[in-house]
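J.: So that we are looking at the same thing, I have put the structure below in structure tokens.
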Amino acid sequence: MIDIKYIRSNPDIVRKAIVDKNEKADLDTLLAADEKRRKLQYDFDQLKAQQNAVSQVIAQKKRAKEDANAELSEMSKVAEEIKIIQSALNEINYEVESLLLTIPNIPHPSVPVGRDEALNEVIRHEGEARKFGFEPKDHLDVATANEMLDLPRGAKISGSGFPIYTGIGAKLERAIITFMLEYHLQKHGYRELMVPLVVNRKTMTGTGQLPKLEEDMYHISEDDLFLIPTAEVPVTNIYSDEVLSFKDLPQKFVAYTPCFRREAGSYGKDTRGLQRLHQFNKVEMVRFVEPEQSEAALEEMLADAEDILKAFGLHYRVVSLCTGDLSFASQKTYDLEVWAAGSGKYLEVSSVSNFGEFQARRANIRYKDPEGKMRHLHTLNGSGLATPRLMIAILESYQQADGSLEIPSVLKPFMELRV
RNA sequence: GGAGAGGUGACCGAGCUGGCUUAAGGUGCACGCCUGCUAAGCGUGUGUAGGUCAAAAGCCUACCGAGGGUUCGAAUCCCUCCCUCUCCGCCA
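So for the first sequence, my numbering puts the first residue at 94; every next one is plus one.
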């Protein structure tokens, strides 16, 4: 969330951020509520000070066995007043907090302003698109020919969007995950975490999925728990309500998890094969850094994600999301879009974002800087990578004229493990 | 799920028959003094958030797992919930 003090003194910047991000936050109501809250807090403090002072007098008189009835009756009135203000204060505090949670993060100045994805900025292209001496098939045909997927039975046991990877398909998926994890561990210096796939409401609010995106989440109502839409949620929240030392920073984590998304509102859009799923696998990178380091860390993380695509020899492009396509919590985001050689389009396989202190404020993650000052650290995360569309790109780029699939050389060691 | 014990400031730990404790004492940390260095010793300081102020100092308010209640006054009494540990039950 944004610092209320910042909002108070820079309402225009915040208002512009809300418009640029196509959000519907009610800034005026928030400012009015904040004003009211401060007034009530002042009155409360005054009365409390009086009560504390007179309580001392009462205590003294009682100890000296003197009569304190005058003070007692005076204080019973004050106590009643305090009770009324207290409950009004609780109410307004809740209102301010709730409204504050609906204010989006402010885009970084370098982010292009634009209404929707059409105005995203393609920064550069990398790698060569494979040329075929034959008519390439799309990933679903390749997968079917090689018995790697069973989508109908996945739909039967769970619903559409819940894929079954079969035989060599399952093994390939597992190899991709393991390869990416080991790459980040060994070449990029991340620390691996295995985390819960189910989190509570507070955790979902900490990273910014709630309250806005509740309908996109699978919810276990009996326990008020949510299936994670990304490992970002549990991993970023591991330090919630904690104070780290500057000596602990930076920290870099990588975690593999399945991800669960209801994808409400996107039915019928790009649904063929593995393009859009309710459950998919993803390796996620998360960083905790000092504020001064976050911009450099974003570039580093982008490079970390790109290294995976390079290792597979895939063609891709780097896109800087415009304000309208930026997520609620993000300050700046790069997407990596891999070239699907068979279907002839770019598919998003990674999203690398700097959240500034936005998530750290929500989740209350702080650190002590070298001067001993308490500050909110900055958080970042990036997919490294999400597997389904990577699988699409691999199937389409590595298909052979005879319909078989070549295994990318970097995956071979993971496909050939012996027991 | 059942029974018991417990959750206090960076850490340890007292307070828990309600008011000279709006948190003792210790450790750690910071600064100073002292000793040739280190250690020891001595002294001072030591949280977070909000408010007041041009700013700092100072002062005020809140915070003893969370929320609510009793009371003029709650770390201390009562209720609900959460978490940790031990034992029992169930179970991969």
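Ideal Cβ placement from N, Cα and C applies to all residues, glycine included.
Keep in mind that this is a model prediction, so the values were computed, not measured.
Quick one: is Q424 buried, meaning 16 or more other Cβ sit within 10 Å of its Cβ, or exposed?
T.: Taking every protein chain shown into account, the CB of Q424 has 16 or more other CB atoms within 10 angstroms, so this residue is buried.
J.: Whole-angstrom Cβ separation of T122 and L193, contact assumed at under 8 Å?
T.: Between L193 and T122 the Cβ distance is about 11 Å, and since that is not below 8 Å, they are no contact.
J.: Using 8 Å for Cβ pairs, my map puts K117 next to T416. What's the rounded Cβ distance?
T.: Their Cβ separation, rounded to whole angstroms, is 15 Å, which puts K117 and T416 out of contact at 8 Å.
J.: Using alpha carbons as the reference points, say which of L303, P229, T271, D341 lies closest to G477.
T.: T271
J.: Considering only C-alpha positions, which residue in the set L367, D243, T329 is nearest to T472?
T.: Among L367, D243, T329, the Cα nearest to that of T472 is on T329.
J.: Given a cut-off of 7 Å on the beta-carbon distance, is the pair R482 and L414 in contact?
T.: Taking 7 Å as the Cβ cut-off, R482 and L414 do not qualify as a contacting pair.
J.: Taking D428 as the reference, which of L318, E221, V442, K505 has the closest Cα?
T.: V442
J.: My output table needs one value for R217: the three-state DSSP class, helix, strand or coil.
T.: In the displayed model, R217 falls within a strand according to three-state DSSP.
J.: Ignoring anything shorter than 3 residues or poking outside the stretch 326 to 352, list the beta strand (DSSP E) runs there in chain order.
T.: 335 to 338
J.: May I ask you to report which of helix, strand or coil DSSP gives S102?
T.: helix
J.: Which whole runs of the alpha helix (DSSP H) in the stretch 254 to 328 are 4 residues long or more, in chain order?
T.: If we require 4 residues or more, the alpha helix (DSSP H) runs fully inside the stretch 254 to 328 come out as 261 to 281, 294 to 300.
J.: Taking the beta strand (DSSP E) that Q372 belongs to, which residues open and close that run?
T.: Per DSSP, Q372 belongs to the beta strand (DSSP E) from 372 to 382.
J.: Name the residue from P304, K345, I331, C352 whose alpha carbon lies nearest to the alpha carbon of L320.
T.: C352
J.: Within 8 Å, do at least three Cβ pairs link the stretch 249 to 259 to the stretch 461 to 470?
T.: no
J.: Please state whether DSSP places D418 in a helix, a strand or coil.
T.: helix
J.: How many Å lie between N162 and E383 at the Cα?
T.: 57 Å
J.: Can you check whether the CB of G496 is closer than 7 Å to the CB of L378?
T.: Note that residue 378 is Met in the sequence shown, not Leu. The answer is no: Cβ separation not under 7 Å.
J.: Use the C-beta contact count for G358: other C-beta atoms within 10 angstroms, 16 or more gives buried, fewer gives exposed.
T.: exposed
J.: Can you grab the Cα-Cα spacing for the pair N198 / A110, in whole Å?
T.: Rounded to whole angstroms, the gap between the alpha carbons of N198 and A110 is 7 Å.
J.: Which same chain residues, not among the five before or five after K129, have their C-beta less than 7 Å away from its C-beta?
T.: I185
J.: What are the start and end residues of each continuous alpha helix (DSSP H) run of 4 or more residues lying completely inside the stretch 462 to 502, in chain order?
T.: 480 to 490
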